[in-house]
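Residue numbers (the numbering used here): 1139 to 1416. Beneath this line is the structure, given in structure tokens, with notes to follow.
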């Protein structure tokens, strides 16, 4: 997985462990994650460790859609089944390595667009908004940013700033603080994950603008639910981290037990607002 400092991936790990507890006779489980969202070297090292351990399958949420591909290519060359979850590998890089890796995950564009549309109902055409992007080379970050942009463009909003906060809460606080200084007219911030939404809310509070700037996120971690309930965050998207792990493991087992040729599998992504939490 990616960063275990992110509650989303802690939930994913819990989903994997619960599935394993019900299927101990079918497989052994090793759960690994990296320290932060951008520690590509550590994730590559983990893949190499799994190759050395001669595991049968790797289910991976890659930290980068391109840079991790050479490592998974080594795994596949060693006869290991690889299933891609959460963040899709780049199609062009996969083609360069002549790889066909099944993807299990949600439509990030649709999820972000849906959240953006909810935000748009609270705004007026021409209102200035900003976007907090994830890691720029991550496919899910690109798709969520694109979904936010479409929702805002369709509603006639003005996107005055869009910057990466690396999926990180602390970085998001810093980036948002800069945005508020540069664009004091901002009325909303769209964050590509809930960690960054938490950082945005912290910066807004520090600037004394609580209640003046709407925030939306993506992932539906428990901390964001608290902020939705108190009105600090308007909406998020739930891509069901625990189910992503289960779907990925089931795919891997299917390949191992039946030699099935796997194809991509779409998983649910659901809008979460105050109405869904009450």
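Positions of the beta carbon are idealized from the N, C-alpha and C atoms, including for glycine.
Closest by C-alpha distance to residue i, when choosing among the options
i: residue 1277; options: 1382, 1308, 1316, 1223; result: 1223
i: residue 1225; options: 1192, 1282, 1188; result: 1282
i: residue 1310; options: 1192, 1292, 1215, 1341; result: 1341
i: residue 1404; options: 1398, 1394, 1389, 1393; result: 1389
i: residue 1163; options: 1391, 1407, 1415, 1406; result: 1391
i: residue 1300; options: 1284, 1214, 1293, 1262; result: 1284
Contact under 8 Å by Cβ, residue i with residue j
i: residue 1149; j: residue 1306; result: no
i: residue 1172; j: residue 1141; result: yes
i: residue 1151; j: residue 1169; result: yes
i: residue 1198; j: residue 1220; result: yes
i: residue 1201; j: residue 1178; result: yes
i: residue 1249; j: residue 1146; result: no
i: residue 1302; j: residue 1273; result: yes
i: residue 1227; j: residue 1239; result: yes
i: residue 1327; j: residue 1351; result: yes
i: residue 1207; j: residue 1235; result: yes
Beta strand (DSSP E) segment containing residue i, residue limits
i: residue 1270; result: 1266 to 1271
i: residue 1283; result: No beta strand (DSSP E) contains residue 1283, which is instead part of the alpha helix (DSSP H) from 1277 to 1292.
i: residue 1241; result: 1241 to 1243
i: residue 1331; result: Counting along the chain, residue 1331 falls outside any beta strand (DSSP E), and DSSP gives it neither H nor E.
i: residue 1300; result: 1296 to 1302
Limits of the alpha helix (DSSP H) - the one that residue i falls within
i: residue 1390; result: 1379 to 1396
i: residue 1362; result: 1360 to 1367
i: residue 1214; result: 1207 to 1215
Integer Cβ distance of residue i from residue j, believed to fall under 8 Å
i: residue 1336; j: residue 1267; result: Not confirmed; about 18 Å, so no contact.
i: residue 1314; j: residue 1270; result: 7 Å
i: residue 1396; j: residue 1330; result: Their Cβ separation, rounded to whole angstroms, is 37 Å, which puts residue 1396 and residue 1330 out of contact at 8 Å.
i: residue 1400; j: residue 1373; result: 33 Å between Cβ atoms; not a contact.
Is it true that the segment 1365 to 1382 meets the segment 1242 to 1255, where meeting means three or more beta-carbon pairs spaced less than 8 Å apart? yes
Cβ contact (3+ pairs, closer than 8 Å) linking the segment 1343 to 1356 and the segment 1313 to 1328: yes
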